[in-house]
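Residue numbers for the sequence shown follow the working numbering, so the first one is 11 and each next one is one higher.
We put the beta carbon where it would ideally sit given N, CA and C, even for glycine.
Small disclaimer: the values here were computed from a predicted structure and weren't measured.
I have placed the structure first, in the form of structure tokens, so that the comments after it can refer back to it.
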Amino acid sequence: MRILHQPNIKYYAIFLAVSGVIHYVLCFLPWEKKKVKVNVAAVVKAAIKKKEEKPQEKPKEKPQKKQVDLQKKKDKEELIRYRENLEKKLRDELINKLKKIEAEKKKEIDEIKKELTKEQIQKRKELEQQTAEQQKISQELMKKLTQINQKMQEIKKQEQQQQREFTKKMQEVERKNEQKMQEKLANLEQKNREKMNEMQKKVNDEQRKLQNRKKQLDMLARKQKEELEKTKEEREQNRKNLEDYKRKIAKAVKNKMREQEKENREKIQKTLDEERKKLALEKTRLEKEILQQKRMLEQAQRLSKKNRRKKEREIINKQWKFLERVRVDSLEEHQKYIRNFSTTSKGDTVVPALNFFDNRFLKDMPEVTRFHKMQLIAYPSSMSYFIKVNLDERSLSRRYVKMKDENYFRKFNERTIDISPEILPKIAREVKRAGVYNYSDGKLNFFMLLPHSTAKYLAWKETTVCKKHGHDPKNVRICNSYFSKTRHGHWSLIVRSLVLKGGRTVSVEDFEERW
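Written out as structure tokens, the structure reads:
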């Protein structure tokens, strides 16, 4: 609160200094109107010149004296008026300044009443800035006053010679004026003191109110702090209780989960043991049936052609039913079944053309060829060389390898599948870009080279599906199919439709879909 009193004291000091200076100027310095400088000698000379210009008359001493007295009276009246006007101006300026100071103080008090929060600091800073500015203004005023005093002293020195004649006559008038001015200034000072005392009382009352309000706010802040501390303690206790409760629940849940896991493991183990026993029995039974079927097939081969067809159909039906019931558990078991059935099939049977080159196969071609050990070969129509395509390699030099073996195509002619270059446009472009193929050697063609086991598997699959659905493989032109990966990792050929030589397409089912 000390900060708020400092600007008021400064205002009072400024006011007293200004009033003292004005009092000194009005009471002790001789004033004249700046615009009109009265010079007795000049007036006398002017009067003499006017008389000389007039027609010569008899000199009269008395009228000249009267004119001089009138001129002096006029000058005195002008001086009196000038001083009165100056006094009025100074009074008005003092009154306006006092009003401004009172208005500023009222504003400050209103702002202090309204703002008792964080904005007080900002307002105090602004007030300090205002006081600093006012101090600057007061300093400038003092400088101006000093300048005025200096000027007045200079004027005084200049006019001392002229005013010596008037001092004696004007003393009485000046004394009267001084008395009047002193009385007026005393009245003004008393009024100002009374006003300042009233303002001081108001400020003190407001300061007391502010102190009381601060005390109330401090009490409220203390109460709020105590309440916050209590709430914090309660929250900590609640948090601790929750953590204990969570730990207890977690322990209980873990114990229950362990017990349930033990029970589930025991149940699963029992069911697995039972299923393994059943599967072992089924495997033994199926192996016996397979042996019987092999024997039956061997017997069927010995029979005549007529009886052979009937028995072959019956055997295929039994075999199909058996294969539909099979549930394969591993990749080795899957391959074992295929090996057993594909080796029993005749090698001299006619196998229809196979079509599995769709978007799915092009996507999975690296995995399918790797699993079945197939090899993609590119060659020109002149068959002067062959290009081995390694799908797993990325660089063109390793991906496409040129071979010059004239008997290569003849060796594997029976175990190949022809592929149109339109099916493999990307590979055809890469072969041309790799620099292993010349356009002068003829059109670029492709074929897929199959190992013995894969060729037997595909042939067995095509013929069994055709015979199961009552179609002789000789009468089937194309078997539309696709490769599908089983849950245990085997890429199986699934036949989905047969295109007969008459042009009709027949949709079929494949037992290997269920494996």
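May I have the straight-line CA-CA distance separating residue i from residue j, to the nearest angstrom?
{"i": "R236", "j": "K211", "result": "With the sequence shown as reference, residue 236 is identified as Glu, and Arg is not the correct amino acid for it. Going from the Cα of E236 to the Cα of K211 covers about 38 Å."}
{"i": "A438", "j": "G513", "result": "31 Å"}
{"i": "L252", "j": "V263", "result": "16 Å"}
{"i": "D402", "j": "R443", "result": "18 Å"}
{"i": "K277", "j": "A260", "result": "25 Å"}
{"i": "Y467", "j": "I348", "result": "7 Å"}
{"i": "Y395", "j": "K414", "result": "4 Å"}
{"i": "I433", "j": "K298", "result": "45 Å"}
{"i": "A231", "j": "L220", "result": "16 Å"}
{"i": "N490", "j": "L364", "result": "6 Å"}
{"i": "D254", "j": "R275", "result": "31 Å"}
{"i": "K511", "j": "H479", "result": "15 Å"}
{"i": "E129", "j": "L108", "result": "28 Å"}
{"i": "K205", "j": "E169", "result": "40 Å"}
{"i": "P17", "j": "N187", "result": "Any reading at P17 needs caution, since the residue's pLDDT is 49, under 50, leaving its predicted position unreliable; the model's value is listed next. Spanning the two alpha carbons is a distance of roughly 35 Å."}
{"i": "K293", "j": "D520", "result": "22 Å"}
{"i": "V183", "j": "K190", "result": "11 Å"}
{"i": "E150", "j": "E143", "result": "10 Å"}
{"i": "K528", "j": "E472", "result": "The chain is shown only over 11 to 525; residue 528 falls outside these bounds and no answer can be derived."}
{"i": "L14", "j": "Q140", "result": "Low local confidence applies: a pLDDT of 43 at L14 is under 50, so the model's placement there is unreliable, with the coordinate-based value given in what follows. Their Cα atoms are separated by approximately 12 Å."}
{"i": "K484", "j": "L307", "result": "21 Å"}
{"i": "E138", "j": "E125", "result": "16 Å"}
{"i": "E97", "j": "M229", "result": "56 Å"}
{"i": "E523", "j": "T496", "result": "8 Å"}
{"i": "Q160", "j": "I147", "result": "20 Å"}
{"i": "I105", "j": "N214", "result": "24 Å"}
{"i": "K86", "j": "L155", "result": "26 Å"}
{"i": "R370", "j": "M267", "result": "44 Å"}
{"i": "S507", "j": "E285", "result": "36 Å"}
{"i": "L282", "j": "V361", "result": "42 Å"}
{"i": "F367", "j": "W501", "result": "15 Å"}
{"i": "S391", "j": "K304", "result": "44 Å"}
{"i": "E114", "j": "R185", "result": "38 Å"}
{"i": "I488", "j": "L372", "result": "19 Å"}
{"i": "Q247", "j": "K240", "result": "11 Å"}
How would you write the range of the beta strand (DSSP E) that residue i sits in, first residue to last?
{"i": "M384", "result": "Counting along the chain, M384 falls outside any beta strand (DSSP E), and DSSP gives it neither H nor E."}
{"i": "N365", "result": "A363 to N365"}
What are the start and end residues of the alpha helix (DSSP H) that includes residue i?
{"i": "A463", "result": "It should be pointed out that residue 463 corresponds to Ser in this sequence rather than to Ala. Segment H462 to K478, the alpha helix (DSSP H) holding S463."}
According to DSSP, is residue i helix, strand or coil?
{"i": "M393", "result": "coil"}
{"i": "F25", "result": "helix"}
{"i": "E67", "result": "Any answer about E67 is weak, because its pLDDT of 49 lies below 50 and its placement is not dependable; what the coordinates show is given next. In the structure shown, E67 sits in coil (DSSP, three-state: anything other than H, G, I, E or B)."}
{"i": "T281", "result": "helix"}
{"i": "K495", "result": "strand"}
{"i": "F456", "result": "strand"}
{"i": "S148", "result": "helix"}
{"i": "R514", "result": "coil"}
{"i": "V378", "result": "helix"}
{"i": "V213", "result": "helix"}
{"i": "V505", "result": "strand"}
{"i": "V263", "result": "helix"}
{"i": "V360", "result": "coil"}
{"i": "V48", "result": "Note on V48: pLDDT 46, under 50, position unreliable in the model; the coordinate value appears next. Coil at V48, not helix or strand."}
Please report whether the beta-carbon of residue i lies at a distance below 8 Å from any beta-carbon of chain B.
{"i": "Q132", "result": "The chain labelled as chain B is not found in the depicted structure, where only one protein chain is given."}
Could you say if the region 445-464 and the region 379-396 meet the contact criterion of at least three C-beta pairs nearer than 8 Å?
yes
Output the residue ranges of the beta strand (DSSP E) runs that lie fully inside the region 398-454 and measure 3 residues or longer, sorted by chain position.
410-413 and 426-429
Cβ contact (3+ pairs, closer than 8 Å) linking the region 395-410 and the region 360-380:
yes
Check whether the region 447-454 touches the region 339-346, taking contact to mean three or more Cβ pairs, one atom from each stretch, closer than 8 Å.
Counting Cβ pairs under 8 Å, fewer than three are found: no touch.
If we require 3 or more residues per run, which beta strand (DSSP E) segments fall completely within the region 68-138?
The region 68-138 contains no whole beta strand (DSSP E) run of 3 or more residues.
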